[in-house]
Amino acid sequence: MQGKIGLEEHFALEGTLGDSEKFVGPQTWKILRRRLLDFQSERIEQMDATGLERMLLSLNAPALQAITDKGEAGEMMRRANDAMAEHVARRPDRFSGLAALAMHDPDVAARELERCVKDLGFRGALVNGYTQNASADNAIYYDIKEYWPFWAEVERLDVPFYLHPREPSQLRAYQGHPWLIGPAYGFAAETALHALRLMGSGLFDQYPRLTVILGHLGEGLPYNLHRTDQRIGWSPMGYPAKKKISEYFCENFYITTAGNFRTQALINAILEVGADRILYSTDYPFEEATEAAAWFDAASISEPDRRKIGRTNAQHLFKLGN
Ligand code: GRE
Ligand code: ZN
618 MQGKIGLEEH FALEGTLGDS EKFVGPQTWK ILRRRLLDFQ SERIEQMDAT GLERMLLSLN
678 APALQAITDK GEAGEMMRRA NDAMAEHVAR RPDRFSGLAA LAMHDPDVAA RELERCVKDL
738 GFRGALVNGY TQNASADNAI YYDIKEYWPF WAEVERLDVP FYLHPREPSQ LRAYQGHPWL
798 IGPAYGFAAE TALHALRLMG SGLFDQYPRL TVILGHLGEG LPYNLHRTDQ RIGWSPMGYP
858 AKKKISEYFC ENFYITTAGN FRTQALINAI LEVGADRILY STDYPFEEAT EAAAWFDAAS
918 ISEPDRRKIG RTNAQHLFKL GN
């Protein structure tokens, strides 16, 4: 399919590059490193070769969220967003930006998002999970009340917020099994939990027009919505939100195909949330653009759904025009 739009598509700065290295072996790293730093050559060639018309660019993970010093994180944030803006300006026909946000201070994050949307023309934000504010032992999740004024701004600016994975904050459960920490499992478990915290906190009752995006076909959540809904009703601890988890998931969330090129899982997602809430993505350069496109272009779904997931849903959500 020509004209696809992808929105979990990463780059790195020299200063954040090391964060991605630990998840891959030295052979893969040689290629990844080159691709993370490139914007205008190999990236565009790969896009041309796979029918990917536009990438919404985002910084690699965990980057800003793992910088414990908030001044340093703030500096890296502005550097990342300015670099992104420069590359978008060179190829506005192929790239758009998703803001990197240091979340240590919700007010600073809100002001940077406003700068990125209003001055730089970015289409939303992508944040890599919890923040290690002040200490590496710290894990700040954004459902807590201190962050609600930030969410009010996201809603006011009317842009989506991509909640991207990072490694789990609770590493005790992974002890002796380091292969589970990264993208094989820990990323999804961590991110699904964060998304459930946002939904269960009542955040979307207060800000009903908020939109959150999850990658990897929803980090496992679409498979478990029924059970989560049913058993939260039993909880003797109560449940602060007004609606069921599945209702927030269908009304306030979108999911992308990033890094999860599996027709069986896509069909489950279509049956749970509908094709209107699913968006194509690669997870470049952690995934091969050719593999993503070969799978998606031939997946056993209807042609109207392929069009929506591949292109038109993203056009509407990010106001990209035709
Ligand atoms: C990702 O961005 O999803 C990612 C990483 C590191 C390793 C694998 C991966 O940030 O998919
Ligand atoms: Zn990713």
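Each position in the sequence shown, counted from 1, maps to that position plus 617 in the working numbering. Cβ coordinates follow ideal geometry from the N, Cα and C atoms, glycine included.
Classification of residue i by the beta-carbon crowding that lies within 10 angstroms, buried from 16 upward
| i | result |
| --- | --- |
| residue 877 | buried |
| residue 648 | exposed |
| residue 900 | buried |
| residue 825 | exposed |
| residue 619 | exposed |
| residue 938 | exposed |
| residue 684 | buried |
| residue 862 | buried |
| residue 770 | buried |
| residue 790 | exposed |
| residue 897 | buried |
| residue 854 | exposed |
| residue 843 | exposed |
| residue 907 | exposed |
| residue 697 | buried |
| residue 788 | exposed |
| residue 738 | exposed |
| residue 679 | buried |
| residue 740 | buried |
| residue 911 | exposed |
| residue 835 | buried |
| residue 768 | buried |
| residue 644 | exposed |
| residue 666 | exposed |
| residue 749 | buried |
| residue 884 | exposed |
| residue 792 | exposed |
Among the options, nearest to residue i - alpha-carbon criterion
| i | options | result |
| --- | --- | --- |
| residue 921 | 900, 751, 887 and 761 | 887 |
| residue 879 | 913, 889 and 891 | 913 |
| residue 646 | 907, 903, 924 and 936 | 903 |
| residue 652 | 639, 668, 626 and 774 | 626 |
| residue 636 | 658, 668, 677 and 642 | 677 |
| residue 810 | 796, 760 and 823 | 760 |
| residue 874 | 831, 786 and 730 | 831 |
| residue 631 | 779, 640, 641 and 693 | 693 |
| residue 786 | 711, 756 and 840 | 756 |
| residue 623 | 833, 680 and 642 | 833 |
| residue 634 | 643, 650 and 725 | 650 |
| residue 866 | 795, 758, 884 and 845 | 845 |
| residue 858 | 813, 916 and 792 | 813 |
| residue 657 | 915, 701 and 890 | 701 |
| residue 729 | 752, 818, 690 and 750 | 690 |
| residue 941 | 795, 746 and 799 | Any answer about residue 941 is impossible in this case: the structure gives the chain only from 618 up to 939. |
| residue 776 | 749, 829 and 801 | 829 |
| residue 818 | 851, 765 and 890 | 765 |
| residue 641 | 795, 932, 909 and 870 | 795 |
| residue 936 | 734, 644, 726 and 666 | 734 |
| residue 725 | 808, 695 and 918 | 695 |
| residue 713 | 752, 749 and 670 | 670 |
| residue 751 | 721, 933 and 774 | 721 |
| residue 783 | 793, 805 and 774 | 805 |
| residue 934 | 808, 742 and 717 | 742 |
| residue 659 | 917, 932 and 905 | 905 |
| residue 940 | 801, 816, 850 and 929 | The structure shown does not extend to residue 940, since the chain is modelled only from 618 to 939, so the question has no answer here. |
| residue 727 | 930, 774 and 797 | 774 |
| residue 931 | 860, 840, 919 and 872 | 872 |
| residue 639 | 798, 917 and 708 | 798 |
Distance between beta carbons of residue j and residue i, contact taken as under 8 Å
| i | j | result |
| --- | --- | --- |
| residue 744 | residue 781 | 7 Å |
| residue 621 | residue 927 | 5 Å |
| residue 715 | residue 654 | With a Cβ gap of about 18 Å, residue 715 and residue 654 do not count as contacting. |
| residue 827 | residue 820 | 7 Å |
| residue 892 | residue 925 | 5 Å |
| residue 576 | residue 723 | The structure shown does not extend to residue 576, since the chain spans only 618 to 939, so no value can be given for it. |
| residue 719 | residue 681 | 4 Å |
| residue 894 | residue 870 | 7 Å |
| residue 732 | residue 661 | That belief does not hold up - the Cβ atoms of residue 732 and residue 661 are roughly 27 Å apart, past 8 Å. |
message = Please enumerate, following chain order, all residues with a beta carbon closer than 5 Å to at least one heavy atom belonging to the ligand ZN.
response = 625 and 900
task = May I have a chain-ordered list of the alpha helix (DSSP H) segments no shorter than 4 residues that lie completely inside the segment 625-688?
result = Here the runs fully enclosed are 635-638, 643-654 and 659-667.
ask   = Where in the segment 812-863 do unbroken runs of the beta strand (DSSP E), each at least 3 residues long, occur, reported from the N-terminal end onward?
value = 829-831
inquiry  = If we require 4 or more residues per run, which alpha helix (DSSP H) segments fall completely within the segment 701-749?
reply    = 723-731
ask   = Which full runs of the alpha helix (DSSP H) of 4+ residues lie inside the segment 761-802, going along the chain?
value = 765-774
ask   = Which ranges does the beta strand (DSSP E) cover as unbroken runs of at least 3 residues, wholly within the segment 867-902, from first to last along the chain?
value = 870-873
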